[in-house]
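Take 38 as the starting number for the sequence shown in this note's numbering and just add one per residue. Here is the structure we will look at, set down as structure tokens.
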Amino acid sequence: YDDAENRLRRSNLLFFGITDELGETWAQSEERVVSFCSDKLDISIENHQIERAHRLGRFEVGKNRPIIVKLTHFKDKSGILLAGPKLKDTSFSIREDYSAKVRVARKKLFTYGQQNNASFKIRFDKLLIGKKVFTYNADTDSVVELKP
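This is the structure in structure tokens:
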């Protein structure tokens, strides 16, 4: 089930920090993403490359809800993610969309990686520290090393 959910989310990206307004339509959200990609990432995305785009959650004054975007092509998603470092030291960010289970695992793995004061990478639901690979075990609420 979780694998199927993550496959459905594979073409999705979450955009954070883009100005929000009450009653924003899907078309307006889509246009904001197109403009954002052009202005902040120097990437030309056209409306036909976006299957859908809309805000998540309820509108609150002074807060910007994330925009979830389903792209028609995986290559477009990859290009946007590769431009992500251009957002460093800004109030904007872009993340991949994962199931709740994977989001929890990634959060736990990130915390574990930070506590080890070592350089690390997170790939999907795995933590890489040097040549060691770790995963999150939800049953024991612990991070465990995967043995080769």
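Where a beta carbon is used, it is the ideal one built from N, C-alpha and C, also for glycine. Treat the numbers as computed from the prediction; the structure is a model and nothing was measured.
Q) Alpha carbon to alpha carbon, how far is V181 from S136? A) Spanning the two alpha carbons is a distance of roughly 21 Å.
Q) Should S156 be labelled buried (16 or more other beta-carbon atoms within 10 Å of its own) or exposed? A) Exposed, by the Cβ-count rule.
Q) Of the residues E133, I80, V170 and F171, which one's Cα is nearest the Cα of L45? A) Minimum Cα distance to L45 is reached at E133.
**Q.** Unbroken stretches of the alpha helix (DSSP H), 4 residues or longer, contained in the stretch 96-146
**A.** Restricting attention to alpha helix (DSSP H) runs no shorter than 4 residues, the stretch 96-146 encloses them at 111-119, ordered along the chain.
Q. Does the Cβ of K125 have 16 or more other Cβ atoms within 10 Å, making it buried, or fewer, making it exposed?
A. So K125 ends up on the exposed side.
Q) For S48, which option in Q151, D176, I131 and F111 has the closest C-alpha, if you only look at C-alpha atoms? A) The option with the nearest alpha carbon to S48 is F111.
Q: Indicate whether the contact test is met: 3 or more Cβ pairs, each with one atom in the stretch 172-180 and one in the stretch 140-149, closer than 8 Å.
A: Enough Cβ pairs lie closer than 8 Å, so yes.
**Q.** Beta-carbon contacts of E83 that lie in its chain and below 8 Å, excluding the five residues immediately before and after
**A.** The residues are V71.
Q: Look up T172 in the DSSP assignment and say whether it is helix, strand or coil.
A: If DSSP states are grouped into helix, strand and coil, T172 belongs with the strands.
Q | Alpha-carbon to alpha-carbon, E88 and T56 | A | So the alpha carbons of these two residues sit roughly 21 Å apart.
Q) Between which two residues does the alpha helix (DSSP H) carrying S75 extend? A) S75: member of the alpha helix (DSSP H) spanning W63 to L78, first to last residue.
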